[in-house]
Amino acid sequence: MAVTVFAMALQRNLFSAVVLFGLYSFFMATVLVALDAVDVAMTEAAVGAGVSTVLLLGALYLVGGTEAKPLHRPLIPLTLAIAVGVVLAYGMQGLPAFSDAQAPIHTHVAPRYLQESMKETGVPNVVTAVLASYRGYDTLGETVVVFTAGAGVIALLRRRRKDAK
Amino acid sequence: MRNDIILRVIAKIFVPFMLVFALYVQFHGDFGPGGGFQAGVIAAAAIVFYALIFGLDAGHRLAPEWIVEKMIAAGVLVYAGTGFAGIFLGGNYLDYFVLGADPVSGQHRGIFWVEAGVALTVSGVMLKLFYMFTGRGREPEDA
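Heads up: the protein sequence lines correspond to chains U and D, in order. Letter by letter, the first sequence follows residues 1 to 165 in the numbering used here. Letter by letter, the second sequence follows residues 166 to 308 in the numbering used here.
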């Protein structure tokens, strides 16, 4: 994955950058499967590697395939990125160990979901039970966000088309 | 890509399976991985695939643009309507326990409709984005 990211950053040809981006998404989906997050992995494979690659290629068809020469030297963004990375790495020291059963996230509501959701909702897949039932408001909000994003794109692109006529 | 026989045959074979797999992910989301979001994306990806191979017009015939636009709004309405159904039947907003004869079947029904709403909106938005992006290059001369 790290190799893919570096190749993507160094790539001047946008077409290969898009293809590498799809490759990265597939790697990410594999990692998510390894973490037992199959639901997220399916989404990543379908959206990240599938649909968004097609959308990026469609955009490339409109704007052309080569990256413009950067206007500034990349020193300031590079310094900023490294600084943020260092801060994040420092913050990660405070996280509980990976798959630590005593981590705070596993002791609050998770046991209740795991033990009671079958009785309360009759749905064996806990992810679905939490997503649609216990966290129904959050999922409603997400759906509205997706709706708003679609409406925004429609509003932006459609007006342009009318102007053209 | 319309003239490549291998792509055409493979697309013809695969697209129905992709759509059925989307339905499977949608309705089997209670038992295995999956749910509305994944199902919507897979269905949209199947139609995008079809439109890539057979041309945008074939895609438009399969999923006309006005239906796609209606789907975007209908999904949110189905989701929010499930919440209001809970109110009318005497519960709180998005309270599924009152939707069925007993709480568990009510939960089933509520989750079913909510996931249907999510799938509608997600696949509608994905398809609409695809149509908008690919449709941009279509009338370049009159700009």
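We put the CB at the ideal spot given by N, CA and C, even for glycine.
Determine, for residue i, whether the minimum Cβ-Cβ distance to residues of chain U falls below 8 Å.
i	result
P227/D	Here residue 227/D is Leu; the residue named in the question, Pro, does not match the sequence. Not an interface residue.
G255/D	no
F295/D	yes
G224/D	no
F179/D	no
I207/D	yes
V185/D	no
L259/D	yes
Which residues of chain U have a Cβ atom closer than 7 Å to the Cβ of residue i, listed in chain order?
i	result
A210/D	A46, G50 and V51
Would you mind reading off the limits of the alpha helix (DSSP H) that contains residue i?
i	result
M236/D	E230 to F253
H193/D	Premise fails: H193/D is in no alpha helix (DSSP H) and is neither H nor E.
L77/U	For clarity, residue 77/U is Pro in the given sequence; the question names Leu instead. Where P77/U is concerned, the enclosing alpha helix (DSSP H) stretches over L75 to M92.
D39/U	V38 to T43
F27/U	L14 to A34
G200/D	Note, G200/D: premise wrong, no alpha helix (DSSP H); not H, not E.
Y61/U	S52 to V63
G224/D	L221 to L227
A46/U	Where A46/U is concerned, there is no enclosing alpha helix (DSSP H), given that its DSSP letter is neither H nor E.
V127/U	V126 to A129
Along chain D, in chain order, which residues have C-beta atoms closer than 9 Å to that of residue i?
i	result
T30/U	Simply none; closest approach about 15 Å.
V54/U	A210, V213, F214, L217, F295, F298 and T299
Let me know the secondary structure DSSP gives residue i once reduced to three states.
i	result
R173/D	helix
D307/D	Confidence in D307/D is poor, its pLDDT being 41 and thus under 50, which makes the residue's placement unreliable; the coordinate value appears in the next sentence. Here D307/D sits in coil by DSSP.
K165/U	Confidence at K165/U is low in this model, with a pLDDT of 44, below 50, so the placement of that residue should be treated as unreliable; the coordinate-derived value is given next. Three-state result, K165/U: coil.
M1/U	coil
P96/U	coil
H108/U	coil
G275/D	helix
Y258/D	coil
Q115/U	helix
R135/U	coil
L10/U	helix
Would residue i count as contacting chain D if we go by Cβ distances under 8 Å?
i	result
M42/U	yes
G150/U	yes
T79/U	no
V18/U	no
G58/U	yes
Y137/U	yes
L157/U	yes
A9/U	no
Which chain D residues sit within Cβ distance under 8 Å of residue i?
i	result
L131/U	G200
Interface residues of chain U around residue i at Cβ under 9 Å?
i	result
Q191/D	Result: empty, since nearest Cβ-Cβ is about 11 Å, beyond 9 Å.
G240/D	T143, V146 and F147
L172/D	None at all; the shortest Cβ gap to chain U is about 15 Å.
So which residues on chain U does residue i lean against when the C-beta distance must stay under 8 Å?
i	result
A245/D	L140
G289/D	G150
G282/D	T143
I237/D	F147, G150 and A151
Whose Cβ in chain D lies nearer than 7 Å to the Cβ of residue i?
i	result
V109/U	Here the premise fails: no neighbours, minimum Cβ distance about 17 Å.
V153/U	L294 and M297
_For the structure I just gave you, are there three or more beta carbon pairs, one from the region 280–292 of chain D and one from the region 200–217 of chain D, closer than 8 Å?_
yes
*Counting pairs of Cβ atoms below 8 Å between the region 290–297 of chain D and the region 217–235 of chain D, do you hit three or more?*
yes
*asked:* Between the region 217–228 of chain D and the region 240–248 of chain D, can you find at least three pairs of beta-carbon atoms closer than 8 Å?
replied: no
_Does the structure place the region 202–216 of chain D close enough to the region 181–194 of chain D that three or more beta carbon pairs sit under 8 Å?_
yes
*Taking three-plus beta-carbon pairs below 8 Å as touching, is the region 21–29 of chain U in contact with the region 40–60 of chain U?*
yes
*contact_flag[the region 9–26 of chain U, the region 45–54 of chain U] where n(CB pairs < 8 Å) is 3 or more*: yes
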